[in-house]
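Here the structure is laid out as structure tokens; the discussion comes afterwards.
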Amino acid sequence: GDSVTQMEGPVTLSEEAFLTINCTYTATGYPSLFWYVQYPGEGLQLLLKATKADDKGSNKGFEATYRKETTSFHLEKGSVQVSDSAVYFCASTGTASKLTFGTGTRLQVTL
Amino acid sequence: GAGVSQSPRYKVAKRGQDVALRCDPISGHVSLFWYQQALGQGPEFLTYFQNEAQLDKSGLPSDRFFAERPEGSVSTLKIQRTQQEDSAVYLCASRNSGVYNEQFFGPGTRLTVL
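Taken in order, these protein sequences are the chains called A and B. According to my numbering, the first sequence holds residues 55 to 165 in order. According to my numbering, the second sequence holds residues 4 to 117 in order.
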């Protein structure tokens, strides 16, 4: 079945550091890929998405590119802020409509 | 506008009790999903409705779990004879038509079975 693997956390960075959170997927067909974020005390929110190979999703300074050849969708941000501290989930969906999530990566940004 | 709401936000049950968790999706959203999120894990799919039709219930872990959406809007997830392993956050999400459209998540119901 479909699966998503993302790097384990926690990831601790200083403010303004570069962020990469790795995500790879296995799926039949051509899934859409998503990054969701869960801020402390809040629900899951969509951060960005890409629906086909080579698409780049971007939002709030975060980017991720759908790489079919490496089955990856790594999340990057050039300069993180304290307010980016949250848990980040990579997810995929295919024709089955349901989302398949990774286990989440906690990001802690310090001053 | 109003997002997805869930109630109760917290539920404590004694082992063996039945519980019912409610989800109010965004008005007009055709699709509704239930997920289970164990502590420190990502959400896992339970079941999916399109309007009132339950199209996929492959993620329900046992026949103690039952979900319904009789009028195509509000949905209830019922767990009979709760067990300790049922302790988790239960998330509801709704989506407008279209597979690639965003799923909007509610705040979840945290169920603790003692």
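Just so it is clear, CB atoms sit at the ideal spot from N, CA and C, and this is done for glycine as well.
With a cut-off of 8 Å, does the C-beta of residue i fall near any C-beta of chain B?
i: Phe143/A; result: yes
i: Lys131/A; result: no
i: Leu165/A; result: no
i: Leu98/A; result: yes
i: Phe127/A; result: no
i: Thr24/A; result: Residue 24/A lies beyond the stretch modelled for chain A, which goes from 55 to 165, so this question has no answer here.
i: Lys152/A; result: yes
Measure the beta-carbon distance from residue i to residue j and round it to whole angstroms, keeping in mind my assumption that it falls under 8 Å.
i: Val7/B; j: Gly109/B; result: 4 Å
i: Val116/B; j: Gln83/B; result: 12 Å between Cβ atoms; not a contact.
i: Leu98/A; j: Trp89/A; result: About 11 Å; that fails the 8 Å criterion.
Which residue wins for smallest C-alpha separation from residue i, given the options the options?
i: Glu96/A; options: Glu105/B, Gln9/B and Lys17/B; result: Gln9/B
i: Leu24/B; options: Tyr51/B, Val15/B and Pro11/B; result: Pro11/B
i: Phe155/A; options: Glu117/A, Val65/A and Cys77/A; result: Cys77/A
i: Tyr51/B; options: Gln44/B, Asp59/B and Tyr13/B; result: Asp59/B
i: Ser90/B; options: Phe69/B, Glu55/B, Gln39/B and Ala56/B; result: Gln39/B
With a threshold of 7 Å on Cβ separation, who are the neighbours of residue i within its own chain once the five nearest residues in sequence on each side are excluded?
i: Val163/A; result: Leu67, Glu69, Val134, Gln135, Val136, Asp138 and Ser139
i: Arg67/B; result: Ile82, Gln83 and Arg84
i: Val15/B; result: Thr115 and Leu117
i: Met61/A; result: Ile75, Asn76 and Thr159
i: Thr105/A; result: Ser86
Does chain A have any CB closer than 8 Å to the CB of residue i?
i: Glu105/B; result: yes
i: Pro64/B; result: no
i: Tyr93/B; result: no
i: Gly111/B; result: yes
i: Asp89/B; result: no
i: Phe108/B; result: yes
i: Tyr51/B; result: yes
What number of angstroms, rounded off, separates the C-alpha of residue i from the C-alpha of residue j?
i: Phe72/A; j: Ser61/B; result: 40 Å
i: Arg160/A; j: Val77/B; result: 32 Å
i: Phe107/B; j: Leu100/A; result: 8 Å
i: Gly148/A; j: Leu165/A; result: 40 Å
i: Glu105/B; j: Val92/B; result: 21 Å
What residues in its chain sit with their C-beta under 6 Å from that of residue i, if we drop five residues either side in the sequence?
i: Lys17/B; result: Leu117
i: Asp21/B; result: Gln83
i: Ser100/B; result: Val33
- Query: In chain order, what residues of the region 15 to 47 of chain B put their CB closer than 9 Å to some CB of chain C?
  - Reply: As a matter of chain content, chain C is missing from the structure shown, whose protein chains are A and B.
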